[in-house]
Every structure is written in C-alpha cells, then in structure tokens.
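So that you can map any letter, position 67 of the sequence shown is 74 in our numbering, and since no number is skipped, the others follow by simple counting.
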Amino acid sequence: MADHLPGKEFYIVDTRLKDGVSPDEMMTVLPDHLAYQIEIEKNGTLFAAGPVDGEDGNRVGGMIVYRANNFEDARRIADADPMHAKGMRTYTINKWTVNEGGFTLSFTYSDRSSEIT
8 MADHLPGKEF YIVDTRLKDG VSPDEMMTVL PDHLAYQIEI EKNGTLFAAG PVDGEDGNRV
68 GGMIVYRANN FEDARRIADA DPMHAKGMRT YTINKWTVNE GGFTLSFTYS DRSSEIT
C-alpha cells in the first residue's frame, strides 16, 4: 500500500532565537529576513513559513519549509537567511516526506481574495 504514496520531500527548518539575542535586536533584522523570504517564495524555493507559538500562546520560534534537493542545499538556503547569517537565530533542518493530507484552494477573481482550507 505504501508504494503508491507520493513521497514528496521538503526540508523543514526549525528556527529559534539565539541565546543572548533580545527580541528587539532580532526585530532590526526582520525587514531583511522578510525580503529574503519573499525572494525565495517568488523563485519557488519557499513552500511555507511562519511563526510557531507554544500552548501558552508565547512565541517559541519559526518554521520554514523549503523545496530543496538535499540537506546541503537546504542548509545553503537557510544560511543565506539574514536571521541566520547575522546571528539572530539558530536552526535545525529535518527532511519531511509528505504522504498523506490535502488542501483546497479557493480564489475569487473579482476581489482577488483567496483561501486555503
């Protein structure tokens, strides 16, 4: 049964504030980080990204999902992120193989609204 599963591979970056870096200090790099995310989104590298909050509602870090060929490629992409390159955050990378799940995309032309469910 498992042999028919798609096995689409992505690389997940779990990114966390580096010890000794204040949230205010990290925020100074945010514009560069977001510009980088938009750049790799437009070139097809970025699959998804966003903040991660704990059960208590406090921010614990971020998750970034790349389309990459291998760990080395994913590491190169992550290292170029200004948050990592400027020493604001540290990260780990894991490979994620998607076999199950789905989503629905709705787009309305008239008001350019969209929804993913």
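Backbone N, C-alpha and C fix where the C-beta goes; we use that ideal spot for every residue, glycine too.
- DSSP places P13 in no beta strand (DSSP E); its state is neither H nor E.
- Annotation: the continuous alpha helix (DSSP H) that includes D39 extends over 37-49.
- Annotated as distal: L112 and S120, with beta-carbon spacing of 9 Å or more.
- Burial is judged here by how many other beta carbons sit within 10 angstroms of a residue's own beta carbon; D86 has fewer than 16 and is exposed.
- For the pair Y73 and Y116, the CB atoms are not nearer than the 9 Å cut-off.
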